[in-house]
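Numbering (UniProt numbering), first residue to last: 1 to 53.
Positions of the beta carbon are idealized from the N, C-alpha and C atoms, including for glycine.
Please read these numbers as outputs of a predicted model, since none were measured by experiment.
Comments concern the structure below.
Given below as structure tokens:
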């Protein structure tokens, strides 16, 4: 097993100093919406969907 004490702090410092990382950090992106639970049909073939690719 491998253990790196302080890895989280070192990664945070690296990301803070990296210009590319600063431009693509989560803080600069739109926040995601709330998760929606999946609809569970009560009977088979109650809900049918088709995906066209």
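Discussion item. Please report the distance separating the alpha-carbon of residue 40 from that of residue 46.
Written reply: In the chain shown, residue 40 corresponds to position 40, counting from 1. In the chain shown, residue 46 corresponds to position 46, counting from 1. One C-alpha to the other measures close to 9 Å.
Worksheet entry | Host alpha helix (DSSP H) of residue 11 (start-end) | The residue given as residue 11 occupies position 11 in the chain shown. Boundaries of the alpha helix (DSSP H) harbouring residue 11: 7-17, taken from the DSSP string.
Worksheet item: Taking the alpha-carbon positions, what's the residue 48 to residue 38 distance?
Response: One-based indexing of the chain shown puts residue 48 at position 48. One-based indexing of the chain shown puts residue 38 at position 38. Taking the straight line from one Cα to the other gives about 14 Å.
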